[in-house]
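Numbering (my numbering), first residue to last: 42 to 125.
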């Protein structure tokens, strides 16, 4: 997992998506469950397509719960992070 420090929060990369719209649907589902999340590279992905993956990040404290939600809903196939 990649770690990002944003202000006073530390976030973990939860998933990578080839499609911008799929990433947004998952982000909305997680936010509905009360999980703070952030999409990185979403605008670059819209310009260059799947050459640049959209990164979905969540707060450190919510990482395990977010993984459970992704497994429960099985919304989309997550691209494996080869650098992890």
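We put the beta carbon where it would ideally sit given N, CA and C, even for glycine.
> Can you round the beta-carbon distance between residue 56 and residue 83 to whole angstroms, since I take them to be within the 8 Å contact cut?
Replying inline: Contact between residue 56 and residue 83 is ruled out by a C-beta separation of about 13 Å, above the 8 Å threshold.
>> Going by C-alpha to C-alpha distance, which of 103, 54, 115 sits closest to residue 72?
In response: Here the closest residue by C-alpha is 103.
>> Helix, strand or coil for residue 71? Go by DSSP, reduced to three states.
In response: The answer is helix: DSSP assigns residue 71 an H, G or I state.
> Going by DSSP, what residues sit across from residue 80 in a beta bridge?
Replying inline: Beta-bridge pairing links residue 80 to 97.
>> Assuming residue 53 is part of the alpha helix (DSSP H), what are its boundary residues?
In response: Looking at the DSSP string, residue 53 is not in any alpha helix (DSSP H); the run it does join, the beta strand (DSSP E), is 50 to 58.
> Excluding the five sequence neighbours on either side, which residues of its own chain have a C-beta within less than 7 Å of the C-beta of residue 85, listed in chain order?
Replying inline: Excluding residues within five positions, the ones whose Cβ falls inside 7 Å are 93.
> So which of 114, 68, 51 has the shortest CA-CA distance to residue 96?
Replying inline: Ranking 114, 68, 51 by Cα distance to residue 96 puts 68 first.
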